[in-house]
Structure formats: structure tokens, C-alpha cells
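Engineer: Same order as they appear, the protein sequences are chains L and E. Per the numbering used here, numbering through the first sequence is continuous, rising by one, with the last residue being 597. Per the numbering used here, numbering through the second sequence is continuous, rising by one, with the last residue being 171. Backbone N, C-alpha and C fix where the C-beta goes; we use that ideal spot for every residue, glycine too. Starting off with a structure, shown below.
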Amino acid sequence: MSMVNLTIDGVSVSVPATYTVLEAARKAGVKIPTLCYLKGVNVAGACRVCLVEIEKARALAAACVMPVSEGMVVHTNSPKVRATRKSTLEMILSDHNRDCLSCIRNRNCELQTLADEYSIRKITFEGEKSPSVYDDKSFSIVRDGSKCIKCGRCVAACNKQSIGVLSFLNRGFSTSIGPAYDVSMADAPCIYCGQCIIACPVGALHEKEESEKVWDAIQDPTKHVVMQVAPAVRAAIGEEFGLPYGTRVTGKLFAAMRRLGVDKLYDTNFGADLTIIEEGNELLNRINNGGVLPMITSCSPGWIRFCEFYYPEFIPNLSSCKSPHQMEGALIKSYYAEKKGIDPQTIVTVSVMPCTSKKTEASREQHQNTDGLRDVDIVLTTRELARMIREAGIDFCNLPDEGPDMDLMGEYTGAGVIFGATGGVMEAALRTVADILEDKDLPTFEYKSVRGVAAGIKEAELTLNGKQIRVAVAHSTASARKLLDSIREGTAPSYTFIEIMGCDGGCVCGGGQPQVPAQDLMDIDIRAERAKALYEEDTVMPERKSHKNAEIMKLYKDYLGEPNGHLAHELLHTHYSPREIYPDSLAE
Amino acid sequence: MGKTKMTPEEMSAKLDAVLATHKGEGQKALMSTLQQAQGIYGYLPLPVQKKVAEALDLSVAEVYGVISFYSFFSLKPKGETVFTVCLGTACYVKGAQALLEKIEESIGVSSGDVTKDGKYSISACRCVGACGLAPVILVNEDVYGRLTPEELPAIIAKYKEAD
Ligand code: SF4
Ligand code: SF4
Ligand code: SF4
Ligand code: FES
Ligand code: FES
Numbered sequence: 010m011s012m013v014n015l016t017i018d019g020v021s022v023s024v025p026a027t028y029t030v031l032e033a034a035r036k037a038g039v040k041i042p043t044l045c046y047l048k049g050v051n052v053a054g055a056c057r058v059c060l061v062e063i064e065k066a067r068a069l070a071a072a073c074v075m076p077v078s079e080g081m082v083v084h085t086n087s088p089k090v091r092a093t094r095k096s097t098l099e100m101i102l103s104d105h106n107r108d109c110l111s112c113i114r115n116r117n118c119e120l121q122t123l124a125d126e127y128s129i130r131k132i133t134f135e136g137e138k139s140p141s142v143y144d145d146k147s148f149s150i151v152r153d154g155s156k157c158i159k160c161g162r163c164v165a166a167c168n169k170q171s172i173g174v175l176s177f178l179n180r181g182f183s184t185s186i187g188p189a190y191d192v193s194m195a196d197a198p199c200i201y202c203g204q205c206i207i208a209c210p211v212g213a214l215h216e217k218e219e220s221e222k223v224w225d226a227i228q229d230p231t232k233h234v235v236m237q238v239a240p241a242v243r244a245a246i247g248e249e250f251g252l253p254y255g256t257r258v259t260g261k262l263f264a265a266m267r268r269l270g271v272d273k274l275y276d277t278n279f280g281a282d283l284t285i286i287e288e289g290n291e292l293l294n295r296i297n298n299g300g301v302l303p304m305i306t307s308c309s310p311g312w313i314r315f316c317e318f319y320y321p322e323f324i325p326n327l328s329s330c331k332s333p334h335q336m337e338g339a340l341i342k343s344y345y346a347e348k349k350g351i352d353p354q355t356i357v358t359v360s361v362m363p364c365t366s367k368k369t370e371a372s373r374e375q376h377q378n379t380d381g382l383r384d385v386d387i388v389l390t391t392r393e394l395a396r397m398i399r400e401a402g403i404d405f406c407n408l409p410d411e412g413p414d415m416d417l418m419g420e421y422t423g424a425g426v427i428f429g430a431t432g433g434v435m436e437a438a439l440r441t442v443a444d445i446l447e448d449k450d451l452p453t454f455e456y457k458s459v460r461g462v463a464a465g466i467k468e469a470e471l472t473l474n475g476k477q478i479r480v481a482v483a484h485s486t487a488s489a490r491k492l493l494d495s496i497r498e499g500t501a502p503s504y505t506f507i508e509i510m511g512c513d514g515g516c517v518c519g520g521g522q523p524q525v526p527a528q529d530l531m532d533i534d535i536r537a538e539r540a541k542a543l544y545e546e547d548t549v550m551p552e553r554k555s556h557k558n559a560e561i562m563k564l565y566k567d568y569l570g571e572p573n574g575h576l577a578h579e580l581l582h583t584h585y586s587p588r589e590i591y592p593d594s595l596a597e
Numbered sequence: 009m010g011k012t013k014m015t016p017e018e019m020s021a022k023l024d025a026v027l028a029t030h031k032g033e034g035q036k037a038l039m040s041t042l043q044q045a046q047g048i049y050g051y052l053p054l055p056v057q058k059k060v061a062e063a064l065d066l067s068v069a070e071v072y073g074v075i076s077f078y079s080f081f082s083l084k085p086k087g088e089t090v091f092t093v094c095l096g097t098a099c100y101v102k103g104a105q106a107l108l109e110k111i112e113e114s115i116g117v118s119s120g121d122v123t124k125d126g127k128y129s130i131s132a133c134r135c136v137g138a139c140g141l142a143p144v145i146l147v148n149e150d151v152y153g154r155l156t157p158e159e160l161p162a163i164i165a166k167y168k169e170a171d
């Protein structure tokens, strides 16, 4: 690799020739502020917050797009740089709805942080505010145009997903960000993955908040609140309380949820273990009875919407299994209600999820029983739960370690935990399917070739009891698109089973997880940090295969009967239908 | 109006022919494709945007975004009689906004729209290069300069009589 020597604020550094000034400065330990830059997503040079002075250059340069060159002398802190940055910030703020106090990103906003760092005290060019929309019609995503600084990070994030729901609309003072015709997110071909929310530096995009509903249910003595939490949450919620990236906080998480006052507390890992039993049996049925293959997982509602909108011909390939928290919700209102003698009408099921798409998933009519009872009543994101914990005054970091309630549906295995990372569902399924096909308790069951984030598509091939099983794992809808295109064109090998997750890295980087500041993302791969926490939990669990979950086995014996049997189908399986992209009526 | 109209099938076939030459070309082919599509249809309705997006391998929002950026692209069909009001700086300071509002009121639709019967449409544009005549409006290809709102009814009536 050819290297280049340059000086930044008097510090000499040697960096690869492909670096930008921003990256070189990072290496030299010099911090340059950024706003529109998001590593690996958006490199646009649009906001001009990262301006630096380069000796012998005529004008100030945007560090995030300026390539380094030999002998370059850079000043990041000259009076001219500071003054220009300040007025750039003032410009942005002059057309911004600055109600930080009641803003969802208060204290966690890149713009607010910059305003603080640059001691912005007054906005000199106070002018007319540009027109903006407020859109909260979808179940998942709220757009607040009055907070938007048109940095384009969301547009780039959605394009990176290969979806392209968001675009710059109109021009000049009227520029805004939105779908075609500026329709609501409810009417756009959006999969609600929330990657745009994760990319947004400010409060212009966020989840549709539902925590008030949870508080109300907890207060209501006639309601029985059952809360469950997905595996990925434990790998990230610590960040909301200042803990280092990748800290596993399972024990404190359960302790905190219990202190909110819910009546029952479970882990979605139980539903994950159950999913493996149902999905594993579905796969074996398809293999043995000439069913549609490859079978594709159905845990990720972002992926499901992507399939329904963009690849409807693959709907027959989708596993009919509901996602783990939906299964668990359905059982809480049937099995649990019956065993505990509680009227299901009084039960409120709350799922804490790393995902914004789950909010819409829970509202699907396929996820209600015949009396119109929803499997899951309320879905909270990881961020919403963190807000509730703060609101309750709970000192998260000093909580003791606790666990879920250990009766009926509290047990889980290591296989359930790894669902939250890309490759995890595949590995969990293989652990069980291999044991069934080989008819023994196999001593080696870690499938490391499907782990990791370096490749968007991962593959493995194994022979089980003479049967060739070829599997693939894709994370992010862009990788899913690549994989499905290769299957469509006939260039892919014939897979038996495929895992697809809508988000890059899997659920640990879902749209409901804590936002990581762009500056931190320059140094770490958040996908790997959070996944580590889950694989660590897997190794400490007494049981690491879903079919060894004793409560699951009891559930089949006492209630469900056979896997994929009649009652299992009624409660735990679902169906899908194609969706139309921008129906022509939208333009009228 | 002199031009012979194409049938919807003819328009669609023509568009398909254009798109066939730009398959998968993305952003770089978008402007020219949209111009040709507008040449065929007279405007760019949603079904046309969807076809363009699909052919060029772009999202509908990207296509719509570009259309909304350039004022010479139109999302609505043009009327048989087209009123265009210049809102360039010179015209604006000489009161073009009042002219726009007066025409809107007289034909009953607002800027960027067409009347239900398809007869009249109105839109604003940027400087047409006749600042000396500000404020300027165009009716079809005819230019009217140094206009006052009081003179408008007579001009509008002239085009109403013509059909
Ligand atoms: S987006 Fe940021 S700067 Fe704007 S109001 Fe919210 S917290 Fe304040
Ligand atoms: S939620 Fe996902 S699909 Fe929808 S706009 Fe955001 S990034 Fe795009
Ligand atoms: S919504 Fe957020 S990410 Fe998108 S352009 Fe506006 S400020 Fe940037
Ligand atoms: S221009 Fe460099 S961060 Fe925006
Ligand atoms: S501003 Fe209207 S013609 Fe120039």
C-alpha cells in the first residue's frame, strides 16, 4: 500500500494514499467535526461543517471528501476555520426547529452537540422557515421535516439497503426529503427497517413512540401486562446508559424491566427456541415431501416486507412460521392464559425489540386470532425501553443481575440468544436439524462459517445422514437482493435453506437500537461489537440447542401436540401477500 | 390544436422503445429519458415514472425527485391553453405574483394544475429572458409584457373565445 506523509495541526502522520483528510486527522488524534458524513454510508461533502485550511490551497476544503497528498499541511483550528464552521452551523440552525427540550434526540443529537461544542449563542440570520411535513401515519416511522437538515444520510442509508424510498424532493429553499409525491411512509414501499432513523443525526426521523400505552397498561389494575425482550436488546441497551459498546447487560435489563412494574417478564429467546422446532420441522417436511426449496426464514419483518414488495415470486419460499415474538405473544394469550387461569382479553402483551418494522408486523391482521385479539399489543424499541427506564428513575448501571420469570415460558437456550446476530437463526436451526437427521446429540454444533459480518452473503455445505444440505445467509436487503437475483437468474447453487435478515449485521443493528454517533463509527464496527455479546451469552448457557429446552418440550406435550400440528399451525404460523409499489391512485 | 394525438397504446410502445435503449443505465440516463418520455406524453404521470424507474434500475422516489427538481418537467398534463407566468426576479418585483393569482382565480385551478376538462393549465417559470418587458406571461407561445392585472381578463377571454 503506498503511503503519504502529511502534517495536521503540527502532527506528522503517514497514512495510506487512499485516505481522506478526515481519516488522516483521526489517525493523528485530531478531531474534525462532521455532520453529513457517515462512514460507509454517506460521503457527500454537503454540509461544510468539516472544513479545514490547507496551506497553498485557495479555499477551505471539506475534510470528509478531500484526499490526502504528499507534503500536505492542514490546519483544523485556524481562526478562519473556526469562524466559517460557526457561521455554517448558524446557517443550518437558522432554518431549524430548535425545540431541543421536547425533542426525541435531546442530549443525543449530533447537531445539538456541535452547537454546544462551537459555543453557538445566537443565530444571526434568523429567517423564514422552509415548509416541512410531519408524518406519523405509519405504525413504525415518524418524519418531522422541521428538524431535517437535509444532510442526506437517510437517503444514502435507504439506497444502501437498495430500496430507495427516500429522495431529495424539489429544490432550493423548498428542498425536502421524502418518498415519491411526498406520500406518507404508510403509503410508500418502505419496509420499516429503520436504517434511515439510525443514520439520521437529528430528530427528523424516529420511531412511532408507544411507551405511554405501556405505562397506562401497567397502571391499570384490570390489565395483566406480560413483557418479553428480544436477544439483540441486551447487546446494545447498555450504550443508552453510558456503558461501552458490546457490553452484555442481560441481568440488569431484566432487573430494570421488572422494576417498571410489569406482571410477567419473559425472554423472546423462548419464542426463538420454539421457532427452531417449528421451522426445523417445516424444513424437514419440505425436504422429505418435495416442498418448495430453498426455504427462507421469516423472522425479520423488514425482510418479509421487502419480499412482499420487491420479490413476490419468492413468497412460496418463505417459512410460514411467525417471528419468535409473535409466536410467544400468541402463546401468552392462549397457553399461558389457560394455565394461569387469566382471561386473555385482560392480557396486554408488550415486546421490546431492536426493530421498528416489528411495530407494523404486530399490526398485521394475520397476527390476530379470530376474536380480533392481537398476538402482540405493543412493540417498544430498545430506545423506548431505555427512555422508560430513565423516566422511572432506575439507576440501570447499579442494578443487580436478574433473569426472566422461570415458569412456563421462561427457559431459553444459547441457540435462541444468537438469533440476534446475522447467521444466528441458521446456526440455531442447524444445531437442531443436524441432531434430528443424525439421530444423536452431536458434540460439535458451532457453525462458524455462517457467523460474522465481513461478507454480506455467507454459505455452508454439510452432509447429514447422507443428505446434502446447502445453506446461505444474507444480511441487509441489498445482500438479499443480490442473493435472490442470482437464484432468479439460475446462477446460484441449489440451496436448501436460506436465512435473510433485513438489517446489515442482523437484529443487533436493527432500526430500534441506540443510535451510534457518526464520529464513533469511524473507529468501530458496531455490528461485530454487539454480536460478540450474544455469542458470549451462548457459550455460558447450560443448554445450547433449542430442542433441549425442557419448557418447550412440555409445551408440546401438555398443549400443542406435534410440531407443525393443527394447533401449532393455528397459533404459530402465518401467510404473506404481494404488495403494490406506489399504486397509481396515490398520484391523484 | 395542430398536433395529432397518439393513442395510449402508441405512446406506450414509443416509451418502451426509448426505455429499451437505456436498460439498467441508472442516474446518468435519467434526464434524457425523462425528456423523451415527456415528449411522448406531454407530462410525466406516475405510471410512466414507474416504468422509467424499473428500466433504469432506479427507485421511483429518485425519479420523482429529479422531476420535482426541474421546473420544465411536469407531473400534470398541460391544458389545451397553457398559461405560464414568469416569477423570475425582475417579473416578481414588478408584481407577477398578482398576475398568477388572477389567472388562477379566473380558470379555477392553482399553479401547476389543469382544469378538469383539460382545457386550461397554469404554471410559473423562472426568467424567460424578457426582463425588459417585466412582468411577463406566456399564453401558449404568445408573449405578453408590462402587464397589469386589469389587462388580464381581456387576454384570457381571447383564448376562451378561440375554442
Ligand atoms: S434535532 Fe437536535 S438540535 Fe434539533 S431540536 Fe432536536 S435535539 Fe435540538
Ligand atoms: S425504514 Fe428502511 S426502507 Fe423505509 S425509508 Fe427507512 S431505510 Fe428506507
Ligand atoms: S431526515 Fe435526518 S438523515 Fe435525512 S436528510 Fe434530514 S436530517 Fe439528514
Ligand atoms: S461536508 Fe464533510 S461532514 Fe459534511
Ligand atoms: S424575470 Fe421575468 S423575464 Fe426575466
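Going along the chain, which residues of its own chain have a beta-carbon closer than 7 Å to the beta-carbon of L446/L, five neighbours each way excluded?
Structural biologist: These residues qualify, in order along the chain: L473, N474, K476.
Engineer: Using a Cβ cut-off of 8 Å (strictly closer), state whether P55/E contacts chain L.
Structural biologist: Judged by the 8 Å Cβ criterion, P55/E is in contact with chain L.
Engineer: According to DSSP, is L269/L helix, strand or coil?
Structural biologist: Note: L269/L maps to coil in three-state DSSP.
Engineer: Does chain E have any CB closer than 8 Å to the CB of P321/L?
Structural biologist: Taking Cβ atoms only, chain E never reaches closer than 8 Å to P321/L, which makes this a no.
Engineer: Is any heavy atom of ligand 5 found at a distance shorter than 7 Å from the C-beta of T15/E?
Structural biologist: It does not: the Cβ of T15/E is nowhere closer than 7 Å to a heavy atom of ligand 5.
Engineer: By how many angstroms is the C-alpha of K40/L removed from the C-alpha of L60/L?
Structural biologist: So the two alpha carbons sit approximately 12 Å from each other.
Engineer: Nearest-angstrom Cα distance between C139/E and D18/L?
Structural biologist: One C-alpha to the other measures close to 51 Å.
Engineer: Out of I172/L, A92/L, S149/L, state which residue places its alpha-carbon closest to the alpha-carbon of S488/L.
Structural biologist: Closest by alpha carbon: I172/L.
Engineer: Would you report the Cα separation of S149/L and K22/E, rounded to the nearest angstrom?
Structural biologist: When rounded, the distance between both Cα atoms is 41 Å.
Engineer: Can a CB atom of chain L be found closer than 8 Å to the CB of A69/E?
Structural biologist: True, the Cβ-Cβ gap to chain L drops below 8 Å.
Engineer: In whole angstroms, give me the CA-to-CA distance for G116/E and L108/E.
Structural biologist: In a straight line, the C-alpha of G116/E is about 12 Å away from that of L108/E.
Engineer: Nearest CA to the CA of K222/L: which residue from N294/L, L389/L, K131/L?
Structural biologist: Nearest option by C-alpha distance: L389/L.
Engineer: Can you find a CB in chain E that lies within less than 8 Å of the CB of P140/L?
Structural biologist: No, because no Cβ of chain E sits closer than 8 Å to the Cβ of P140/L.
Engineer: So with Cβ pairs under 8 Å, would you call S147/L a contact of chain E?
Structural biologist: It does not: the Cβ of S147/L has no partner Cβ on chain E nearer than 8 Å.
Engineer: Name the two residues that bound the continuous alpha helix (DSSP H) containing I150/L.
Structural biologist: That residue, I150/L, is in no alpha helix (DSSP H); its beta strand (DSSP E) goes 150 to 153.
Engineer: Taking a cut of 7 Å between CB atoms, which residues from the stretch 177 to 203 of chain L lie near chain E?
Structural biologist: Cβ contacts with chain E: F177, L178, N179, R180, P188, A189, Y190.
Engineer: Using 8 Å as the threshold, is the stretch 22 to 39 of chain E in touch with the stretch 64 to 74 of chain E, meaning 3 or more CB pairs across them?
Structural biologist: Contact between the stretch 22 to 39 of chain E and the stretch 64 to 74 of chain E is present, because at least three Cβ pairs lie under 8 Å.
Engineer: So that I know if they touch, is there some Cβ in chain L lying closer than 8 Å to that of F77/E?
Structural biologist: It does; some Cβ of chain L falls within 8 Å.
Engineer: Do A430/L and I285/L count as a contact pair if the criterion is CB distance below 8 Å?
Structural biologist: Cβ distance not < 8 Å, so I285/L and A430/L don't count as in contact.
Engineer: K273/L and T422/L look like a contact to me (Cβ under 8 Å); what is the Cβ gap, rounded to whole Å?
Structural biologist: Not confirmed; about 20 Å, so no contact.
Engineer: Using only Cβ atoms and a threshold of 7 Å, which residues come within that distance of a heavy atom of ligand 1? Order them by chain position.
Structural biologist: Here the residues come out as H105/L, N106/L, R107/L, D108/L, C109/L, C112/L, R114/L, N115/L, C118/L, L120/L, Q121/L, A124/L, K156/L, V211/L, G212/L, A213/L.
Engineer: Look at the Cβ atom of A424/L, then the Cβ atom of R399/L, and state whether they are nearer than 8 Å.
Structural biologist: Not closer than 8 Å, so no.
Engineer: In chain L, which residues lie with their C-beta within 7 Å of the C-beta of G32/E?
Structural biologist: Under the 7 Å cutoff, chain L gives no residues; its nearest Cβ is about 12 Å from G32/E.
Engineer: Just to confirm the assignment, what range does the alpha helix (DSSP H) spanning C316/L have?
Structural biologist: From DSSP, the alpha helix (DSSP H) with C316/L extends over 310 to 319.
Engineer: Hey, K554/L and D410/L are a contact pair by Cβ (cut 8 Å); roughly how many whole angstroms apart?
Structural biologist: So it is not a contact: roughly 24 Å between Cβ atoms.
Engineer: Taking 7 Å as the cut-off, does the CB of G520/L come closer than this to any heavy atom belonging to ligand 2?
Structural biologist: The answer is yes for G520/L.
Engineer: Tell me whether L155/E counts as near ligand 4, meaning its Cβ is closer than 7 Å to at least one heavy atom of that ligand.
Structural biologist: L155/E: no, Cβ never under 7 Å from ligand 4.
Engineer: Would you list, in chain order, the members of the stretch 39 to 64 of chain E that have their beta-carbon closer than 9 Å to a beta-carbon of chain B?
Structural biologist: The chain labelled as chain B is not found among the protein chains of the depicted structure, namely L and E.
Engineer: Taking 8 Å as the threshold (beta carbon to beta carbon), is I172/L in contact with chain E?
Structural biologist: Yes, I172/L lies at the interface with chain E (some Cβ there is under 8 Å from its Cβ).
Engineer: Please check if any C-beta of chain E sits within less than 8 Å of the C-beta of A166/L.
Structural biologist: It does not: the Cβ of A166/L has no partner Cβ on chain E nearer than 8 Å.
Engineer: Terminal residues of the continuous alpha helix (DSSP H) containing I387/L?
Structural biologist: Careful: I387/L lies outside any alpha helix (DSSP H), inside the beta strand (DSSP E) at 387 to 390.
Engineer: DSSP state of I164/E, grouped into three classes?
Structural biologist: I164/E falls in the helix class under three-state DSSP.
Engineer: In the DSSP assignment, find the unbroken beta strand (DSSP E) run with G187/L in it and report its ends.
Structural biologist: Segment 185 to 187, the beta strand (DSSP E) holding G187/L.
Engineer: Using a Cβ cut-off of 8 Å (strictly closer), state whether Q529/L contacts chain E.
Structural biologist: For clarity, residue 529/L is Asp in the given sequence; the question names Gln instead. No, D529/L lies away from the interface with chain E (no Cβ there is under 8 Å from its Cβ).
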